[in-house]
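K.L.:
This structure is in structure tokens; I'll ask about it shortly.
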Amino acid sequence: MGRRTRVVFLLFLSVILFSGCSKPTVSVTVNSAKVVEELITSLNVFLRSDLGTGNARVGSNSMAYTFPEREIIQVELNCTFIGLGESLKPGSDEHRKEIYQKILDSVTFTVAGKKVEEIWGYWPKTTGKNSASTMKLFYLIPEGTPLSDLKLTFDGAKLGDPAYSLEYTEFIR
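For the sequence shown, our numbering assigns the number 536 to the initial residue and increments by one for each residue that follows.
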């Protein structure tokens, strides 16, 4: 093997070796953000009674809630982040709970500039070491609120990268 061939081979080998050593990135992808008719939960999900729940229907394995004079915003998202912790087994309930809390801590939902404090959600359906997919968040807004008044903001510092941020405003009815 000639010297030039060895150099090219070693360069190629080092690219392959170091490509797996790249730092994980932070990103949030909002798959959908829309007004939904009802909040459907499994029977073991607890909603506080002082939230003004107007109607609740019981299904075979779930409950569907509606709220008088309010609309329900459902946001479905995928997320990658940095620094959850190595001790948790990916996909375990503890891991999904930690991911849910990390994402919840990073998100702010505002209506006409006012922060919405009450947020519900479902743990992500699937998780990786530093990722989550098909996670759902729910917010209540006053009925008839213009969708242009809604804003969802993700704080990249809380997801592991202070340089990252996302403001999402493309809500649909």
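Here a beta-carbon is modelled for each residue, glycine too, at the ideal position from N, C-alpha and C.
None of these values were measured; they are calculated from a predicted model.
(1) Output the distance between the C-alpha atoms of Arg605 and Tyr657, rounded to the nearest integer angstrom.
(2) Give me the Cβ distance between Glu633 and Leu619, rounded to the nearest whole Å; I'm assuming they're in contact under 8 Å.
(3) Does the beta-carbon of Gly695 have 16 or more other beta-carbons within 10 angstroms, so that it is buried, or is it exposed?
(4) In its own chain, which residues sit with a C-beta less than 6 Å from the C-beta of Leu701, not counting the 5 before and 5 after it?
(5) Quick one: what does DSSP say Leu623 is sitting in, helix, strand or coil?
(6) The beta strand (DSSP E) that contains Leu701, what's its start and end?
(7) Would you mind sorting Ser568 into buried or exposed? The rule is 16 or more other CB atoms within 10 Å of its CB.
(8) According to DSSP, is Thr540 part of a helix, a strand, or is it coil?
P.N.:
Put simply:
(1) 20 Å
(2) 6 Å
(3) buried
(4) Val563 and Phe689
(5) coil
(6) Ser700 to Tyr703
(7) The sequence given here places Ala at residue 568; Ser does not occur at that position. Ala568 comes out buried.
(8) helix
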